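Some notes on the structure that comes next.
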Amino acid sequence: MHVSKLSFCLFCLVGLILTGCGSENTNLPELTPVNGTVTLNGDPASGVTIILYPQQGTNGNAPKDTAFGISDENGHYAIKHRSGAEGVEPGQYVVTFSKMVMPDGSTMEKGAEPAAVGARELLPKQYTNPQRTKENVTVQKTQDTYDFALKAKKN
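Reminder that position 38 of the sequence shown reads as 982 in the working numbering, one-by-one numbering, no gaps.
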């Protein structure tokens, strides 16, 4: 009987440990999926970083509480919460964009550090600076799609 009590206790202990090892973060706020397409001078824009800055009245409105996404080869993006989960908290956001390119205008190599390879910003400051951008979105509680048509001088 002593062995079976010990076995039962070990079984329960292992069960408790395993249930606490999940990777799901239950402390996350309610998130709304946000996605869309970015074009540059009318063409799908790949490698554009989209950053959402929460505004007053939106949960997580400190500068560190931004959400971001990166557009793929078709210009499609999906925004990730600062926790890494898909989506953002409903509310108002200022939106900025960044696309780093090599000095000759060619695409940067994936994983390269912009400063180390002499990369430069392709987009004008009206898109890259949160104080100057005119782009903003109001995220509702249902999935939202936002398409952005950016313009920049051709190289």
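We put the CB at the ideal spot given by N, CA and C, even for glycine. Please read these numbers as outputs of a predicted model, since none were measured by experiment.
Check, Outcome
"At least 3 beta-carbon pairs within less than 8 Å: the segment 1056-1068 vs the segment 1082-1091", "no"
"N1080 versus V1061 - alpha carbon distance", "31 Å"
"Close Cβ partners of T1002 (< 6 Å) along its chain, the five nearest in sequence each way excluded", "G1035 and Q1036"
"Presumed contact (8 Å Cβ cut-off) between G1028 and A989, rounded CB distance", "Not quite, the Cβ-Cβ distance comes to about 24 Å (not below 8 Å), so this is no contact."
"C-alpha distance - V1038 paired with Y997, whole-angstrom precision", "5 Å"
"Cβ neighbours of D901 in the same chain (closer than 8 Å, five flanking residues each side left out)", "Past the boundaries of the shown model lies residue 901; the chain is included only from 945 to 1099, so the question cannot be answered."
"Anticipated Cβ contact below 8 Å, P977 with E1030, distance rounded", "6 Å"
"Residues sharing a beta bridge with N1018, DSSP", "Answer is none; N1018 lacks a bridge partner."
"The beta strand (DSSP E) enclosing P998, as first and last residue numbers", "T993 to P998"
"DSSP-derived helix/strand/coil call for Y1037", "strand"
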